[in-house]
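S.K.: Mind having a look at this structure? Questions to follow.
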Amino acid sequence: MKNRFCRVSAALLAVASPLTALAVIGPDVTVSTIDNFTKYGTVSGISGFAMTTVSCNIGDRNAIWIDCTNPDDRNCNQHPVIGQNFYKLHVVNGATRFEMIGMAWLKHGFCGADASGPNCAGSQPGFPASCQNDGTCDSLGIGCTDTYGAGLNAAQDDLGPRSEINPWSGYYPYPYVRAWNATGNAIYKRLQIQNTDLVANANLATYPMYFAESQYVVTDEQPNVRHNNVSYRQAQVSGTVSNPGVAFVSGRGTVPRQPALNAWATHDPGVQITTVDLPNDGRLMLGYKVTQLANGRWHYEYALYNMNSHQAVRSFGVPAPDWYVYENQGFKDIPYHSGEVFDGTDWPHTKTQMALTWNTQTNSQNINANALRWGTIYNFRFDSDAPPGPGNVSLQLFQGINQTLPTPTTPNPPAVAPPAAAVLMAAVVPQFKGDMNCDGLLNNLDIDPFVMAITFPSQYQQTFPNCNLMNGDVNNDGVFTNFDIDPFVALLIE
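Under our numbering, think of the first position of the sequence shown as 213, with each following residue one higher.
Spelled out as structure tokens, the structure:
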């Protein structure tokens, strides 16, 4: 039984494991188990849910877990916050899509209960051998688990907004500013899912498939262990559109220390996932697949996941030269709810001569713009007669970063400008004929790579490993030869 009584003292700042290992990991909190998916009601076609989440400290130091009722105590914001998400993997016109269809406000943790449990101590090489109960409610012991039942994760008076969290540093104001202690109807602040997104499926091996995800944001982890705080589990949908049910089933256990996006690649072998870790900030992951259609077109499907980047993303672009057709452009986000401050305006797409781009407003235009914030997936898609090949998508970042992480005794450091306005992520994209250096442009900088490719193709492939040699097939005869030189020159001078 959790005890909400807080025992805060200066000694908590020095809580440490009795271990004396030379290489200190520090606390490392993961989600070991997800269970007990529970429904709380339906309002206007939207159902509210919550689930049980169990965390585990696989590090070599205790994790701070302080809950306070005294807002003047500087340690009040030293506890984890817990996110709950829900995803749908389904097929549209022969192509799979992985979409986020539900999110909740954040449960604010209290009292590390220090228990043993699965996927924790002793379950993996390198994990602590057993739970080391530290005897205090204000930290989670080494190798120990802490459980929040669905009822606690649905308790509206303890659910705070995502908008006040820095997901990389773990900093947030406490008491949180928006909707402190507020309660409401059956779905208020809870994991909200549109009933129309929940289609009953008795066969878990066929589409549509559903996945629940939980993420812990922890205040005192080191940067090198901040990417394993997310776990997921497959769920089953039953009932009708007016009264859907969601439950976990035996045999489909928690997949620990992995985001739900990985389920797309697990269940569709044609999916690829790439990862970029931003300097002094969090992780972005891109899932993508290109499906050949029956009409001489290809369907390009991208799912961009912001695990824990505070900078967020405001623009997504792919190479799209004008000599191909682009149609059925689409965008999918996740609606914020219950009074969250973020603008939910969909990203419009823009076609320029050489690119297809989706954008939201800049930070200077609207600080609450619908950027791809932490713990969310946005989708981008289109059909084209452009054949696929290796290349890059281009991302524009939304805001500055904190160069240093806050400590329990210092305030949140000010944000500074991003080190780079754009981030490139390797992906399969429309082949960009003539773009021999794969920078998304066709200009004089492509001349030397073109000459290298046509004279020393193996050297070219070593120099530009993410480029497709067939980008040089400018005359589209299926081979890259001297007959492509004149068409290449013609493209440059157009």
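Glycine included, every Cβ here is placed at the ideal spot set by N, Cα and C.
Because the structure is a prediction, the values reported are computed rather than measured.
1) Counting only the same chain and skipping the five closest in sequence on each side, list residues whose C-beta sits under 7 angstroms from that of N578.
2) Starting from I405, trace the beta strand (DSSP E) in both directions and tell me its first and last residue.
3) If you follow the beta strand (DSSP E) that V663 is in, where does it begin and where does it stop?
4) Counting along the chain, where does the beta strand (DSSP E) carrying A424 start and finish?
5) On a Cα-Cα basis, can you pick out the residue from N248, Q404, G253 that is closest to T265?
6) Just mark I546 as buried or exposed, buried being the case when its beta carbon has 16 or more other beta carbons within 10 Å.
7) Tell me whether the beta-carbon of L653 lies closer than 7 angstroms to the beta-carbon of N604.
8) Cβ of E513 within 7 angstroms of Cβ of R585?
9) Give every residue of the same chain whose Cβ lies closer than 7 angstroms to the Cβ of Y536, excluding the five residues on either side of it in the sequence, and list them in chain order.
10) Taking the alpha-carbon positions, what's the L403 to G321 distance?
11) Please list, in chain order, all residues of the same chain as N436 whose beta carbon is under 6 angstroms from its beta carbon, the five residues on each side excluded.
12) Are the CB atoms of Y386 and E376 nearer to each other than 7 angstroms?
13) Going by DSSP, name the residue or residues bridged to G508.
14) Considering just the uninterrupted stretch of the beta strand (DSSP E) at P602, what are its terminal residues?
15) Can you give the Cα-Cα distance for G260 and V411, rounded to whole angstroms?
16) Less than 6 angstroms between C-beta atoms, sequence neighbours within five positions excluded: which residues of the same chain meet that for N289?
17) What first and last residue would you give for the beta strand (DSSP E) that runs through H302?
18) For N571, does the three-state DSSP call read helix, strand or coil?
19) Taking C-beta to C-beta, are G529 and T557 nearer than 7 angstroms?
20) Roughly how many whole angstroms lie between the Cα atoms of G353 and N518?
21) Residue range of the beta strand (DSSP E) that V530 falls in?
22) Take A327 and list the residues in its own chain whose beta-carbon comes closer than 8 angstroms to its own, dropping the five residues that flank it on each side.
23) Let me make sure I understand the geometry here. Which of R445, V488, G508 has the alpha-carbon closest to that of P600?
24) Check for me: the beta strand (DSSP E) holding H320 runs from which residue to which?
25) What number of angstroms, rounded off, separates the C-alpha of Q608 from the C-alpha of Q565?
26) For K501, which beta-bridge partners are listed by DSSP?
27) How far does the beta strand (DSSP E) with V411 in it reach, from first residue to last?
28) Helix, strand or coil, according to DSSP, for F676 in the structure here?
29) To the nearest angstrom, report how far apart W559 and F543 are at their CA atoms.
30) Would you report the Cα separation of A639 and N680, rounded to the nearest angstrom?
31) With DSSP as the reference, label E539 as helix, strand or coil.
32) Can you list, in chain order, the residues of its chain with a C-beta nearer than 6 angstroms to that of V442? Leave out the 5 residues immediately preceding and following it.
33) Check whether the Cβ atoms of M263 and A424 sit closer than 7 angstroms, and answer yes or no.
34) Assuming K319 and N378 form a contact by the criterion Cβ under 8 angstroms, report the distance between their Cβ atoms to the nearest whole angstrom.
35) Helix, strand or coil: how does DSSP classify N591 here?
36) Applying the 10 Å Cβ sphere with the 16-neighbour rule, what's the burial state of W392?
M.R.: According to the structure data:
1) On the sequence shown, position 366 is the one that residue 578 refers to. Only D555 meet the Cβ criterion.
2) For the purposes of this step, residue 405 is taken as the residue at position 193 of the sequence shown. 403-406 is the span of the beta strand (DSSP E), which, as asked, contains I405.
3) Locating residue 663 in the sequence shown gives position 451, where the first residue counts as 1. Following the DSSP letters along the chain, one finds V663 in no beta strand (DSSP E) but inside the alpha helix (DSSP H) bounded by residues 659-667.
4) Working through the sequence shown from its first residue, we reach residue 424 at position 212. A424: member of the beta strand (DSSP E) spanning 421-429, first to last residue.
5) Position 53 of the sequence shown, counted from the start, is the residue given in the question as residue 265. Cα-wise, what sits closest to T265 is N248.
6) Working through the sequence shown from its first residue, we reach residue 546 at position 334. Answer is buried; the Cβ neighbour count reaches 16.
7) Walking along the sequence shown from the start, residue 653 turns up at place 441. Walking along the sequence shown from the start, residue 604 turns up at place 392. Going by C-beta atoms, L653 is not nearer than 7 angstroms to N604.
8) In the sequence shown, residue 513 corresponds to position 301, counting from 1. In the sequence shown, residue 585 corresponds to position 373, counting from 1. Contact: no.
9) What you label residue 536 is simply residue 324 of the sequence shown in a count that begins at 1. Residues S596, D597, A598, P642 of the same chain have their beta carbon placed closer than 7 angstroms to that of Y536, with the five preceding and five following residues left out of the count.
10) Numbered from its first residue, the sequence shown carries residue 403 at position 191. Numbered from its first residue, the sequence shown carries residue 321 at position 109. Going from the Cα of L403 to the Cα of G321 covers about 17 angstroms.
11) If you number the sequence shown from 1, residue 436 lands on position 224. None.
12) By 1-based counting over the sequence shown, the position of residue 386 is 174. By 1-based counting over the sequence shown, the position of residue 376 is 164. Cβ atoms of Y386 and E376: not closer than 7 angstroms.
13) Residue 508 sits at position 296 when you count from the first residue of the sequence shown. DSSP lists no bridge partner for G508.
14) As a first step, residue 602 is located in the sequence shown; it is residue number 390 there, counting from the start. Where P602 is concerned, the enclosing beta strand (DSSP E) stretches over 600-609.
15) If you number the sequence shown from 1, residue 260 lands on position 48. If you number the sequence shown from 1, residue 411 lands on position 199. In a straight line, the C-alpha of G260 is about 16 angstroms away from that of V411.
16) Against the sequence shown, residue 289 aligns to sequence position 77. In the same chain as N289, and ignoring 5 residues on each side of it, the C-beta atoms closer than 6 angstroms to its own belong to Y384, Y386, in chain order.
17) As a first step, residue 302 must be located in the sequence shown, where it is residue number 90. Start and end: 293-304.
18) For the purposes of this step, residue 571 is taken as residue 359 along the sequence shown, with counting starting at 1. Looking at N571 - three-state DSSP - the assignment turns out to be strand.
19) Here the question's residue 529 lines up with position 317 in the sequence shown. Here the question's residue 557 lines up with position 345 in the sequence shown. In this structure, T557 does not lie closer than 7 angstroms to G529 by Cβ.
20) The count along the sequence shown starts at 1 and reaches residue 353 at position 141. The count along the sequence shown starts at 1 and reaches residue 518 at position 306. Each residue's Cα considered, the two are about 29 angstroms apart.
21) Within the sequence shown, numbered from 1, the residue matching residue 530 stands at position 318. 525-531 is the span of the beta strand (DSSP E), which, as asked, contains V530.
22) For this step, residue 327 is matched to residue 115 along the sequence shown. Around A327: C343, C356, T357, D358, T359.
23) Taking the sequence shown and counting its residues from 1, the one referred to as residue 600 is at position 388. Checking every option, the nearest Cα to that of P600 belongs to G508.
24) As a first step, residue 320 must be located in the sequence shown, where it is residue number 108. Per DSSP, the unbroken beta strand (DSSP E) holding H320 starts and ends at 318-320.
25) As a first step, residue 608 must be located in the sequence shown, where it is residue number 396. As a first step, residue 565 must be located in the sequence shown, where it is residue number 353. Between the C-alpha atoms of Q608 and Q565 there is a straight-line separation of about 19 angstroms.
26) Residue 501 sits at position 289 when you count from the first residue of the sequence shown. Its beta-bridge partners are E513.
27) Locating residue 411 in the sequence shown gives position 199, counting from the first residue. The continuous stretches of beta strand (DSSP E) do not include V411, and DSSP gives it neither H nor E.
28) Here residue 676 refers to the residue found at position 464 of the sequence shown. In this structure, F676 counts as coil in the three-state DSSP scheme.
29) Start at 1 with the first residue of the sequence shown, and residue 559 comes out as number 347. Start at 1 with the first residue of the sequence shown, and residue 543 comes out as number 331. Distance from the CA of W559 to the CA of F543, rounded to the nearest whole angstrom, comes to 7 angstroms.
30) Along the sequence shown, read from residue 1 onward, the residue named residue 639 stands at position 427. Along the sequence shown, read from residue 1 onward, the residue named residue 680 stands at position 468. A direct Cα-to-Cα measurement between A639 and N680 gives close to 12 angstroms.
31) For the purposes of this step, residue 539 is taken as residue 327 along the sequence shown, with counting starting at 1. Residue state, collapsed to three classes: strand.
32) If you number the sequence shown from 1, residue 442 lands on position 230. Closer than 6 angstroms at the Cβ level, and outside the excluded window around V442, lie Q427, P471.
33) Here residue 263 refers to the residue found at position 51 of the sequence shown. Here residue 424 refers to the residue found at position 212 of the sequence shown. Yes, they are a contact pair.
34) To locate residue 319, count along the sequence shown from 1; it is residue 107. To locate residue 378, count along the sequence shown from 1; it is residue 166. Actually they are not in contact, since the Cβ atoms of K319 and N378 sit about 17 angstroms apart, beyond 8 angstroms.
35) For the purposes of this step, residue 591 is taken as the residue at position 379 of the sequence shown. DSSP, read as helix, strand or coil, puts N591 in strand.
36) As a working mapping, residue 392 is identified with position 180 in the sequence shown. With a threshold of 16 other beta carbon atoms within 10 Å, W392 falls short and is exposed.
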